[in-house]
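In my numbering, the protein residues as written are 1 to 707.
Idealized CB from N, CA, C, for every residue including glycine.
Notes to accompany the following structure.
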């Protein structure tokens, strides 16, 4: 039986103190349903729109077709829906991570990651996530409003086990397990040696047990919009706090019995065969099919008959204390099957084009519904004209053979007494006038929906205009229209759905469950979670397509690598892992832990081991090589300086010899030579001193390196 989240509310003072009787409660529920949006009453706008939208999507006739004329119906509504679906499904179904819960503090980081992974896993893996997403989104595109249901369902699993070689003590031990029930036993005897050495035949049993395991799981599935009725005064898409909701289903009697309802009661409920059978007729059928032994002896199989069940969720003062409480009242025919006080309903609504201050929005296909009507009319006129041009009517007089006129075989003659009594009605072609109108309609459709062949993939014409900036600007505008649609669906539909799933798990799943996260099995216990209200939709919206996102992420990782090399504290291992994680998810992979290891799980890095001092030896060698290189460079610079000074001295001597004649000098040759020798001695002394100084420095450096 389906179970919703509920808590008993505190007792309130005041009121009449008189509890509503069943007949009054049923009357109130039926009255609310009759006045709700989506009811079966004549003229209900929402029901009419749903029916009309389905016909337009399927391309059914409009009802104004004429015999002998074109009956074609164009499919603009279907194209708007089906051309939008690939982009939307790529956004919402390409990854198992649809939403991400935001931590409330540094200590909440790991818990938020676990809850995010588990909630997404429950939606995508434990339920048919892709099918549910596809059905819900497509329902939003076709209908003014679409619904999804998420609830906790209790159930039991029955398995059979067989044990052999059991003695009475072993059987008693197994029967102590509350999940096991013995259903069949076979006795044999086996010889058993006693402590005194004697052998005694002892009874031994082969027993078949039935194991019944009680458990539950969260169920998520899309709901047909025609099954839903919403309060007529509700004025927003979100159903949070809605004062009346009704969900009408048509399960079989067997399904109701499996949910835990009484069998005899179920077989007295009215049968639903497209319309409801009255209660008194159902009870009479029940009496006619039950024999004197209490068994059903009807020749027909009533177990597969459908019955109509209404689940009413409403605020009502049932206990008469003066304040309304939120209740779920399940009614079939005249019987109240359930009546429980609950905390919340299990429904989430979604709309493609919301209308402010209204629960019912605009279906995506309704944006082009009038264009489909116009194009259908133009296409029919175009085809009718083409038929008339290719097969013109023949104007005949009394002297023409009508059998020849009716015969439309090629080259068939038409016999006539007078050729003037046979002519063809002139028909002017309208192809040139209608063709531009088709292009205008396509432009209008693209402006309204952003859907065109350009957004479905580049064709040959698009590739030939790679350098055309106007083309890419137009393509970007079309993508923005679809991205806005995806953002609306994400924020107004998927976000409240996952918050509801989180809350339902937290309130119902009390058992400890292992879950694989980042390659490791971790225990998950949702009833220990905290309530969350902060969530980020992780569907890659508003930042361009995947190529654009990948290019931006590559640039971020490049900057991170450069900062890491410089030793900057702006980038940590956690920052780099986050970039790698986003890259894996962007690539469509759902397990970043299989490609990169979270540094938070590694602990501190171990110190580097160097038992033989190899690193220090290498450092000494490097330093020694640096010193030798420096000494060689200084020696080369000194020799170069000496050579330069010697050359300058020789040039000065040559200049003196040229400019001063021997006759003009008063010094004799001996004095001149003495002066040169003295100058040379001084120069040689300076050079020797420099060499000694260099040798001393090199000796000191060698001693330092050896130490």
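Exercise. Can residue 245 and residue 347 be called in contact, C-beta distance under 8 Å?
Worked result: Yes, they are a contact pair.
Exercise. What span of residues does the alpha helix (DSSP H) with residue 381 cover, start to end?
Worked result: Start and end: 369-390.
For this session: Please report the residue range of the alpha helix (DSSP H) in which residue 114 lies.
Result: 109-121
Exercise. Along the chain, where does the beta strand (DSSP E) that runs through residue 326 open and close?
Worked result: 325-332
Problem set entry | residue 365 classed as buried or exposed, judged by whether at least 16 other C-beta atoms fall within 10 angstroms | buried
Problem set entry | Closest by C-alpha distance to residue 490, when choosing among 18, 83, 31, 89 | 89
For this session: Can you grab the Cα-Cα spacing for the pair residue 304 / residue 39, in whole Å?
Result: 26 Å
For this session: Could you please give me the residues that DSSP links to residue 160 through a beta bridge?
Result: 210
Exercise. Using a Cβ-Cβ cut-off of 7 Å (strictly less than) and excluding sequence neighbours within five positions of residue 359, which residues of its own chain qualify?
Worked result: 37, 145, 230, 234, 235, 236, 237
For this session: Check whether the Cβ atoms of residue 342 and residue 29 sit closer than 8 Å, and answer yes or no.
Result: no
Problem set entry | residue 218 vs residue 139 beta-carbon contact at 8 Å | no
Exercise. Between residue 232 and the rest of its own chain, which residues show a CB-CB distance below 8 Å, the 5 nearest in sequence each way excluded?
Worked result: 35, 36, 37
Exercise. Taking the alpha-carbon positions, what's the residue 388 to residue 81 distance?
Worked result: 35 Å
Exercise. Near residue 404, which residues of its chain fall below 6 Å by C-beta distance, leaving aside the five closest residues on each side in sequence?
Worked result: 414, 415
Exercise. Quick one: what does DSSP say residue 221 is sitting in, helix, strand or coil?
Worked result: strand
Exercise. How about the segment 66-80 and the segment 371-388: do they share at least three Cβ pairs that are nearer than 8 Å?
Worked result: yes
For this session: With DSSP as the reference, label residue 596 as helix, strand or coil.
Result: coil
For this session: May I ask you to report which of helix, strand or coil DSSP gives residue 358?
Result: coil
Problem set entry | residue 498 versus residue 352 - alpha carbon distance | 18 Å
Exercise. For residue 508, which option in 147, 152, 18, 106 has the closest C-alpha, if you only look at C-alpha atoms?
Worked result: Considering only alpha carbons, the answer is 152.
Exercise. Out of 484, 584, 577, which has the shortest C-alpha to C-alpha gap to residue 598?
Worked result: 577
For this session: Quick one: using the 10 Å Cβ neighbour count with 16 as the cut-off for buried, is residue 136 buried or exposed?
Result: buried
For this session: Please look up how many angstroms separate the CB atoms of residue 179 and residue 213, rounded, as I've assumed it's under 8 Å.
Result: 6 Å
Exercise. Thinking C-alpha only, which one of 582, 47, 66 is nearest residue 380?
Worked result: With distances taken between Cα atoms, residue 380 lies closest to 66.
Problem set entry | With 16 other Cβ atoms within 10 Å as the buried cut-off, status of residue 117 | buried
Problem set entry | Alpha carbon of residue 321 to alpha carbon of residue 18, nearest angstrom | 8 Å
Exercise. What is the DSSP secondary structure of residue 106, counted as helix, strand or coil?
Worked result: helix
For this session: Have a look at residue 271 and residue 255 and give me their C-alpha separation to the nearest angstrom.
Result: 14 Å
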